[in-house]
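Trainee: I am attaching a structure below and will ask some questions about it afterwards.
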Ligand code: ADP
Ligand code: MG
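Residue numbers (the numbering used here): 1130 to 1817.
Below, the structure is given as structure tokens:
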């Protein structure tokens, strides 16, 4: 039934244990892995190009007679051969060559070579072409386009071509199993698609192939996206199969809480609060993603959810990606919930000793109804008494696995806690359909009333002094400002240094202002102190690294300077800028860029100036940088597809959903093989 797919690569000609090991290290074990190892691009060796028609930059096959071959001592010693056909001459140049090579490129011999045409000292040249002597029987040129495979050190193109060629030969005799139901829209069958992509005919439309838009590629992308969707659905079922505590709405609690706030929830907040309330009431774990632009008020929505769980006698864990953000949640929730008599605890990587032990005891004993912290909440010695709801803020920083780890902490027999995931970065719909297929989605599509959009200016860093004066004037007029330092290096230490230098420089230039500094290397207590001073208005200008990127909420700050914004992605810039414009006064953001800007740099910063709409900016980011960057999942591999590309293949998504549903309904036995084929034998969801 499964045809040849599961055959080990060892069965192929020329594959001994050593090569098999190399292939295995690269993830290629079975014939199927080879078949799905698709070329990056193609070379056209199907026809011979007359030398006169060859142009710089082209990869071409040429044939001709060697007229002269000499070792030349120029800047570098090289072997130079002149090749002539009926139409012109071209120089072959070898910087590394053997005596044998030199001897057999004799004048008068005929060769066929393939390489890239360049312009050199003597007109058109080829460096180190692949070449072959043409004797009486030259044999035909290639019948198909020549694939260029992705590879790794120690595995050459010739090897890949031989192996994939053999795999294709076997495929013709025993097709791989077709796992997608027939589709009118995408009629290519799997075997034909693979055949085509490994060895496209000479007239194959190379443009389409390069763009990933050939029907054969779309057929495979479709299958890959379907498999991905099914695996996330599987994850969802896995999480839901043990049930969850049903937590009916606590209307009076929530009304009493809302009555303590100085504002009314927006209609969008109310709607999302109601969606969550309905989920929590069911005996099945809620799996919900709340998306809302920066400043849309996600924290309030989280608070309402937390109250519902706590009112039912369950514990709630809120997890934030950074210490700073966790602290801020702590302050918010403390102010909101303390008066209501809710027991609270704090747990971060920096909680130590007696303080930590007492926190652990209060969490395990159930005295702490609300626990706020960072990754530290995952640690194995953290045990809850009755965990009913997990709230994860800024989801894109956490992987699926981390989320799962926390939900394993429910008490035995209680099923799993409900999950609420909140993202700060709006995610384009296309992307969230793929990345979060396991979650239901709520969108807070409205900002609290009275907000004024942040005005954004792009200013060349040559004019830095002017900007410093502008900050001085604004602060003198009673405004508060952020000055954000960015660095390409990921290192905390370097970032901190840069921010320190900037802070002392600004403090020297602006002696009348109180300048503060916050970065990732400060102790939690120091950070807290600085943030509190800034919040209280005792610091006018806060120099910061991108630690303030997510979530920090100081409504009175209304000016932000971002140095070297061209180093950051759009989503990150949008997050940063979202730190201002939170109050009712007009706010400004200055992007102090370094000239010259690259073309995409210009587009990115242009988009920031044009718009303050997080969804628009996220779409742009997706186009300019791809999904890994937008989701912040480059490291977790969540969005690494073999064939599918986003946003390029986004148009396939409606069909992906239809097809995934059809398979679940009519072909459930195909789900496992699909997941296995495309997501690497299920390693990622090994538990499932
Ligand atoms: P985010 O969605 O970025 O996490 P926050 O929850 O931090 O946003 O809220 C941003 C700011 O808006 C906070 O100061 C919060 O108190 C305030 N806020 C939230 N909801 C409302 C509302 N309905 N009306 C007025 N202000 C609100
Ligand atoms: Mg927030």
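Beta carbons are placed, not taken as given, at the ideal position from N, Cα and C, and that holds for glycine.
Alpha carbon to alpha carbon, how far is residue 1688 from residue 1817? Give it in angstroms, no decimals.
Mentor: Bear in mind that the predicted position of residue 1817 carries a pLDDT of just 31, short of 50, making it unreliable; the figure below should be weighed with that in mind. C-alpha separation (whole angstroms): 48 Å.
Trainee: Taking the alpha carbon of residue 1590 as the point to measure from, which residue in 1722, 1294, 1623, 1496 has its own alpha carbon closest?
Mentor: Comparing Cα positions, the closest option is 1722.
Trainee: Would you mind listing the beta strand (DSSP E) stretches within the stretch 1645-1675 that are 3+ residues and don't spill past its ends, in chain order?
Mentor: Listed in chain order, they are 1670-1673.
Trainee: Per the DSSP calculation, residue 1255 is bridged to which residue(s)?
Mentor: According to DSSP, residue 1255 bridges with 1221.
Trainee: Unbroken alpha helix (DSSP H) runs of length 4 or more, entirely within the stretch 1430-1517: which are they?
Mentor: You should have 1452-1466, 1482-1494.
Trainee: Return helix, strand or coil for residue 1604, following the three-state DSSP convention.
Mentor: It is helical.
Trainee: Less than 7 Å separating the Cβ of residue 1574 from some heavy atom of the ligand MG?
Mentor: Checking the Cβ of residue 1574 against the ligand MG gives no.
Trainee: Are the stretch 1487-1500 and the stretch 1417-1433 touching by the rule of at least three beta carbon pairs closer than 8 Å?
Mentor: Contact fails: fewer than three Cβ-Cβ distances are below 8 Å.
Trainee: For residue 1263, name the three-state secondary structure that DSSP assigns.
Mentor: Coil, per DSSP.
Trainee: From residue 1693 to residue 1743, what does the alpha carbon distance come to, in whole angstroms?
Mentor: Taking the straight line from one Cα to the other gives about 21 Å.
Trainee: Between residue 1436 and residue 1410, is the Cβ-Cβ spacing less than 8 Å?
Mentor: Not closer than 8 Å, so no.
Trainee: In this structure, what does DSSP give as the bridge partners for residue 1386?
Mentor: Residue 1386 pairs with nothing; no bridge assigned.
Trainee: Is residue 1427 close to the ligand MG? I mean its beta-carbon at under 7 Å from any heavy atom of the ligand.
Mentor: For the ligand MG, at least one heavy atom lies less than 7 Å from the Cβ of residue 1427.
Trainee: Count the other C-beta atoms from every protein chain shown that fall within 10 angstroms of the C-beta of residue 1450, then say buried if there are 16 or more, exposed otherwise.
Mentor: Burial call: buried.
Trainee: My output table needs one value for residue 1168: the three-state DSSP class, helix, strand or coil.
Mentor: Reduced to three states, the DSSP call for residue 1168 is coil.
Trainee: Which residue's Cα is closest to the Cα of residue 1553: 1674, 1519, 1425?
Mentor: Of the listed residues, the one whose Cα sits closest to residue 1553 is 1425.
Trainee: Is residue 1445 near residue 1476, with beta carbons less than 8 Å apart?
Mentor: No, the pair does not count as a contact, with Cβ atoms beyond the cut-off.
Trainee: Using only alpha-carbon positions, find the residue among 1219, 1294, 1277 that is nearest to residue 1257.
Mentor: Here the closest residue by C-alpha is 1219.
Trainee: Quick check for students: name the residue ranges of the beta strand (DSSP E) that lie wholly in the stretch 1562-1612, counting only runs of 3 or more.
Mentor: DSSP runs (the beta strand (DSSP E)) wholly in the stretch 1562-1612: 1569-1573, 1584-1589.
Trainee: Helix, strand or coil: which one does DSSP assign to residue 1801?
Mentor: Helix.
Trainee: In three-state terms, what does DSSP make of residue 1276?
Mentor: Three-state result, residue 1276: strand.
Trainee: Rounded to whole angstroms, what is the Cα-Cα separation between residue 1627 and residue 1279?
Mentor: Rounded to the nearest angstrom, the two C-alpha atoms are 39 Å apart.
Trainee: Is residue 1147 buried or exposed, if buried means 16 or more other CB atoms sit within 10 Å of its CB?
Mentor: When all chains shown are included, residue 1147 counts as exposed.
Trainee: Could I get the ranges of all uninterrupted alpha helix (DSSP H) runs contained in the stretch 1709-1760, with 4 residues as the minimum, in chain order?
Mentor: If we require 4 residues or more, the alpha helix (DSSP H) runs fully inside the stretch 1709-1760 come out as 1728-1739, 1743-1754, 1756-1760.
Trainee: Quick one: give me the first and last residue of the beta strand (DSSP E) that residue 1210 is part of.
Mentor: Residue 1210 -> beta strand (DSSP E) spans 1206-1213.
Trainee: Indicate whether the contact test is met: 3 or more Cβ pairs, each with one atom in the stretch 1310-1322 and one in the stretch 1781-1798, closer than 8 Å.
Mentor: At 8 Å Cβ cutoff, the stretches touch.
Trainee: Under 8 Å: do the stretch 1235-1255 and the stretch 1181-1198 share three or more Cβ pairs, one atom per stretch?
Mentor: Yes, the stretch 1235-1255 touches the stretch 1181-1198.
Trainee: Any contact between the stretch 1561-1573 and the stretch 1391-1401? By contact I mean 3 or more CB pairs, one from each, below 8 Å.
Mentor: The answer is yes - the stretch 1391-1401 touches the stretch 1561-1573, with three or more Cβ pairs under 8 Å.
Trainee: Does the stretch 1348-1360 come within contact of the stretch 1770-1788, defined as at least 3 CB pairs closer than 8 Å?
Mentor: Contact holds: three or more Cβ-Cβ distances are below 8 Å.
Trainee: Just to check my reading of the structure: residue 1772 and residue 1431 have Cβ atoms closer than 8 Å, yes? What is that Cβ distance to the nearest angstrom?
Mentor: The pair is not a contact, with the Cβ atoms about 38 Å apart (cut-off 8 Å).
Trainee: Do you know how far the Cα of residue 1175 is from the Cα of residue 1271?
Mentor: So the alpha carbons of these two residues sit roughly 5 Å apart.
Trainee: With a CB to CB cut of under 8 Å and the five nearest residues on each side skipped, what residues in its chain are close to residue 1235?
Mentor: Correct list, in chain order: 1195, 1198.
Trainee: If you measure from the CB of residue 1455, is any heavy atom of the ligand MG nearer than 7 Å?
Mentor: No, Cβ of residue 1455 sits at least 7 Å from all heavy atoms of the ligand MG.
Trainee: Taking DSSP as the reference, what is the three-state secondary structure of residue 1641?
Mentor: If DSSP states are grouped into helix, strand and coil, residue 1641 belongs with coil.
Trainee: Please work out which residues of its chain come closer than 7 Å, Cβ to Cβ, to residue 1289, disregarding the five sequence neighbours upstream and downstream, and give them in chain order.
Mentor: Same-chain partners within the cutoff: 1278, 1280.
Trainee: Candidates 1640, 1685, 1674: which alpha carbon is nearest residue 1661's?
Mentor: Closest option to residue 1661, Cα to Cα, is 1685.
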